[in-house]
């Protein structure tokens with residue numbers, strides 16, 4: 007792991023930056039004590055850690071703007087952070103930057119049941135939005151597995167998905183308006199509550215920009231009415247390829263489930279041992295499908311889906327007999343990540359997306375790579391939209407295993423690109439996938455990414471070293487590769 011930074015940067019104190027931050031924030035909201043800063047040293051990609059030199063904790067938009075203006079004046083970078091549940095190192099501190107925690111901006115400002123919207127601050131938990139809409143029969147559709155803890159600001163930054171993203175879309179499809187603080191400390195409104203707006207789609211550009219273009223301080227999101235009926239069913243298969251074929255058949259027949267998830271045997275066994283969802287532990291793979299709509303529609307779709315699963319060779323098809331049974335089936339999938347954490351000292355969670363037709367091939371090749379690297383892998387993924395989450399099992403206490411897990415993960419992402427997919431579906435690029443960006447994109451494409459970054463943040467102050475590799479890095483691929491948790495953070499190429 008990287009060596010902790012011993013204390014606040016002497017330059018911060020000498021330049022007066024700390025004094026200025028304390029002048030605009032509440033007492034105790036500028037954290038300089040080493041022990042307290044330790045809570046911010048990593049996000050969900052905990053293999054990589056860096057102690058931030060200082061943490062600023064504003065309580066409102068005006069304070070966020072003041073912090074940005076101070077940092078811009080001093081030329082000091084800023085890394086924005088929400089709940090820290092991200093899995094690609096997107097909120098990893100930079101040793102020369104102020105870490106800006108948005109956790110205290112945590113109010114649901116308004117729920118409008120007539121227009122079916124909610125206006126929230128970035129520190130509001132994903133699940134809390136649905137809880138606020140529940141009295142009106144409404145909910146917020148994107149539901150990452152970390153929804154009990156992750157915040158909407160981070161969801162916007164990474165364009166988070168969830169088990170219901172197949173039918174209802176990712177964050178980008180459910181956000182209507184954002185208020186954003188720029189690198190200069192200005193407040194801008196992007197998007198709106200109308201059905202369309204003229205000009206460039208800056209709302210989509212900002213969603214998934216990983217904190218490189220601006221800091222979200224408010225979001226207006228779309229709420230949906232709870233469907234009148236839903237049905238959850240599980241299909242078990244003796245071969246992974248059969249499950250992959252079933253996914254293609256279901257979508258090919260025009261059935262769009264609210265969710266369509268797949269787990270392989272290691273993930274099944276880990277989840278079953280953890281939450282006792284009733285999964286068949288001898289199955290090579292299971293599919294979980296949720297169908298919703300009107301009662302008649304759900305009944306018809308359920309019959310068609312059961313028939314398709316059986317045609318594809320399902321050894322067992324189970325239709326939830328009650329709401330409690332349905333929740334239990336989903337509980338195993340939602341708990342898959344912590345369940346796998348119980349069977350291995352460490353795991354490395356990957357995130358790539360492939361065309362559905364290549365599902366069986368990619369899973370077979372991941373199995374081959376598992377043997378090549380000598381590391382087991384459990385596969386959990388959003389099968390309906392081809393978003394894979396291979397969990398590579400390793401032990402960081404064994405010399406070289408983290409490096410092998412990294413190399414294995416890189417090969418999986420390169421495989422996704424090779425079959426026409428992408429290196430991320432919902433976790434983002436962050437610090438983790440910079441080298442694989444060089445695999446997926448050409449020099450002219452990366453140059454355009456840098457041009458967009460420069461248009462929003464000419465000084466390169468927002469979340470430096472994340473998401474977009476420098477052209478120099480791609481030219482010398484591997485020279486800056488992270489090994490064994492070390493964070494080199496060399497001088498960044500300016501755009």
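Residue numbers (the numbering used here): 7 to 501. From the three backbone atoms N, C-alpha and C, an ideal C-beta is built for every residue, glycine too. The model shown is predicted, which means the values in this text are computed figures rather than measured ones.
Going by DSSP, which residues form a beta bridge with residue i?
i	result
residue 372	DSSP lists no partner for residue 372.
residue 55	Per DSSP, none; premise fails for residue 55.
residue 355	397
residue 107	87
residue 67	In the DSSP output, where bridge partners are listed per residue, residue 67 has none listed.
residue 428	359
residue 145	230
residue 62	36, 106
residue 18	Note: residue 18 sits in no beta bridge, so no partner.
residue 385	396
residue 346	The partner list for residue 346 (beta bridge, DSSP) is empty, contrary to what the question assumes.
residue 324	240
Skipping 5 residues on each side, what residues in its chain have a beta carbon closer than 6 Å to that of residue i?
i	result
residue 250	365, 366
residue 369	246
residue 436	94, 95, 96, 472
residue 433	93, 94, 357
residue 168	148, 149, 150
residue 17	none
residue 332	238, 326
residue 88	108, 157, 159, 160
residue 281	337, 338, 341
residue 163	216, 217
residue 28	36
residue 91	50, 152, 155, 156
residue 133	153, 154
residue 384	272, 273, 346, 397
Using the Cβ count rule (16 or more neighbours within 10 Å means buried), how would you classify residue i?
i	result
residue 154	exposed
residue 143	exposed
residue 328	exposed
residue 330	exposed
residue 194	exposed
residue 405	exposed
residue 505	Outside the shown range of the chain (7 to 501) lies residue 505, about which nothing can therefore be said.
residue 86	buried
residue 489	Residue placement at residue 489 cannot be trusted, given a pLDDT of 38 that sits under 50; what the coordinates show is reported in the next sentence. Per the 10 Å Cβ criterion, exposed.
residue 259	exposed
residue 40	exposed
residue 481	exposed
residue 141	exposed
residue 24	buried
residue 54	buried
residue 79	exposed
residue 403	exposed
residue 279	exposed
residue 453	exposed
residue 234	exposed
residue 6	What is shown of the chain runs 7 to 501, which leaves residue 6 out entirely.
residue 343	buried
residue 485	The predicted model places residue 485 with a pLDDT of 41, which falls under 50 and marks its position as unreliable; any figure quoted below should be read in that light. That one is exposed.
residue 450	exposed
residue 252	buried
residue 206	exposed
residue 121	exposed
So, for residue i: in the same chain, excluding its five sequence neighbours on each side, which residues have a beta-carbon less than 7 Å away from its beta-carbon?
i	result
residue 274	285, 287, 289, 292
residue 483	441, 444
residue 502	Outside the modelled stretch of the chain, which goes from 7 to 501, sits residue 502, for which no answer is possible.
residue 455	474
residue 439	94, 419, 429, 430
residue 421	368, 371
Cutting at 8 Å between CB atoms, please list the residues of its own chain near residue i, excluding the five before and the five after it.
i	result
residue 232	143, 144, 145
residue 118	124, 125
Would you say the beta carbon of residue i is closer than 7 Å to some non-hydrogen atom of the ligand NAP?
i	result
residue 77	Only the bare structure without any ligand can be found here, which leaves the ligand NAP out of the picture.
Handout entry: Residue ranges of each alpha helix (DSSP H) within the stretch 183-271, 4 or longer
Key = Counting only runs of at least 4 residues, the stretch 183-271 fully encloses the following alpha helix (DSSP H) elements, listed from N- to C-terminal order: 208-212, 246-258.
Exercise for the section: Scan the stretch 443-493 and note each continuous beta strand (DSSP E) run of 3 residues or more that stays entirely inside, going in chain order. Expected result: The qualifying runs do not exist here; there are none.
Problem - Given 8 Å, three or more beta-carbon pairs between the stretch 166-177 and the stretch 101-121 - result: Taking a cut-off of 8 Å for Cβ pairs, the stretch 166-177 and the stretch 101-121 do not touch, as fewer than three such pairs fall below it.
Handout entry: Contact the stretch 373-380 vs the stretch 185-197: 3+ CB pairs below 8 Å
Key = Counting Cβ pairs under 8 Å, fewer than three are found: no touch.
Problem - Any 3 or more C-beta pairs closer than 8 Å across the stretch 222-238 and the stretch 114-134 - result: A contact is defined here as three or more CB-CB pairs under 8 Å, and the stretch 222-238 meets this definition with respect to the stretch 114-134.
Practice task
Decide if the stretch 29-38 is in contact with the stretch 60-67; the criterion is three or more beta carbon pairs, one per stretch, under 8 Å apart.
Solution key: These segments touch.
Practice task
Just list the beta strand (DSSP E) runs in the stretch 281-308, keeping only unbroken ones of 3 residues or longer that don't cross its boundaries, in chain order.
Solution key: Runs of the beta strand (DSSP E) inside the stretch 281-308: 291-299.
Handout entry: Stretch-stretch touch, CB-based, cutoff 8 Å, three pairs: the stretch 344-356 with the stretch 177-185
Key = With the cut-off at 8 Å, the stretch 344-356 and the stretch 177-185 do not touch.
Exercise for the section: May I ask you to verify whether the stretch 193-209 touches the stretch 463-478, counting CB pairs closer than 8 Å and requiring at least 3? Expected result: Output reads no: the stretch 463-478 does not touch the stretch 193-209.
Practice task
Report yes or no: do the stretch 257-267 and the stretch 301-312 share at least 3 C-beta pairs separated by less than 8 Å?
Solution key: Touching, per the Cβ criterion.
Problem - Validate contact between the stretch 420-432 and the stretch 445-458 using beta carbons, cut 8 Å, 3 pairs - result: Enough Cβ pairs lie closer than 8 Å, so yes.
Exercise for the section: Jot down the residue ranges of each uninterrupted alpha helix (DSSP H) in the stretch 107-182, minimum 4 residues, whole runs only, in chain order. Expected result: Qualifying alpha helix (DSSP H) stretches, in chain order: 132-139, 158-164, 171-174.
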